[in-house]
Amino acid sequence: MIQQLYPQTNHSFRYELNKDMHLAAAHFIDHQSAGVCQEMHGHTYFINMTIAGNDLDEIGFLVDFKQLKSLIHSRFDHTVMNNHPEFKGVFPTTERIAEKIWGIVQAHLDTLAHSPRCLQVFVRETPTSYVVYRPLAEDFR
Ligand SMILES: Nc1nc2c(c(=O)[nH]1)N=C([C@H](O)[C@H](O)COP(=O)(O)OP(=O)(O)OP(=O)(O)O)CN2
Ligand SMILES: [Zn+2]
30 MIQQLYPQTN
40 HSFRYELNKD
50 MHLAAAHFID
60 HQSAGVCQEM
70 HGHTYFINMT
80 IAGNDLDEIG
90 FLVDFKQLKS
100 LIHSRFDHTV
110 MNNHPEFKGV
120 FPTTERIAEK
130 IWGIVQAHLD
140 TLAHSPRCLQ
150 VFVRETPTSY
160 VVYRPLAEDF
170 R
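Spelled out as structure tokens, the structure:
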């Protein structure tokens, strides 16, 4: 939830940035074990991402907050998660959504010369359910 406190990541980078955003999206989990979630339904996803690094760009940004929002919000807001290529062959569970968001964000960070890293993606799907995705060391380029 925006302005809530999030789980902390342990690291020794000089800078840490957090970006909150929320988006409305629909999904369904097309598996018989998913019960009522097999039917198309909607959520307001609350997302927080944690970026860290030792250096800033020439403006003094670790990464532009607006760019982070644009990467995720403009892609997924008011869409059906199942329709995105990221979810071809995998169900858009909260876990997978967090993992895919990490991949999209880190792919952008990999283009930046000062090498910031996305250390954590938090995705709240309902008022009572959320996932935290933290990459392993080998997940970074
Ligand atoms: N590990 C996961 N379990 C479930 C997921 C998921 O993504 N990962 N998703 C769902 C459903 O999509 C559903 O939208 C969320 O379920 P739930 O939190 O149970 O929703 P409620 O609002 O009914 O929760 P209450 O705490 O009972 O009010 C299911 N499981
Ligand atoms: Zn759902």
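In the numbering used here, the protein residues as written are 30 to 170.
All C-beta atoms, glycine included, are put in the ideal place defined by N, C-alpha and C.
For chain B, is any of its Cβ atoms less than 8 Å away from the one on A54? No chain B appears in this structure, which consists of one protein chain only.
Less than 7 Å separating the Cβ of C66 from some heavy atom of ligand 1? On the sequence shown, position 37 is the one that residue 66 refers to. Yes, the Cβ of C66 comes within 7 Å of a heavy atom of ligand 1.
Should S62 be counted as a contact of ligand 1 given a C-beta to heavy atom distance under 7 Å? Working through the sequence shown from its first residue, we reach residue 62 at position 33. It does not: the Cβ of S62 is nowhere closer than 7 Å to a heavy atom of ligand 1.
What are the start and end residues of each continuous beta strand (DSSP E) run of 3 or more residues lying completely inside the stretch 110–158, in chain order? 146–155
By how many angstroms is the C-alpha of L165 removed from the C-alpha of T38? In the sequence shown, counting from the first residue as 1, residue 38 sits at position 9. In the sequence shown, counting from the first residue as 1, residue 165 sits at position 136. One C-alpha to the other measures close to 12 Å.
Got a sec, what are the start and stop residues for the beta strand (DSSP E) H102 sits in? Taking the first residue of the sequence shown as 1, we reach residue 102 at position 73. Not the beta strand (DSSP E): H102 falls in the alpha helix (DSSP H), residues 94–105.
Kindly examine ligand 2 and report whether one of its heavy atoms sits closer than 7 Å to the Cβ of H72. On the sequence shown, position 43 is the one that residue 72 refers to. Result yes, Cβ under 7 Å from ligand 2.
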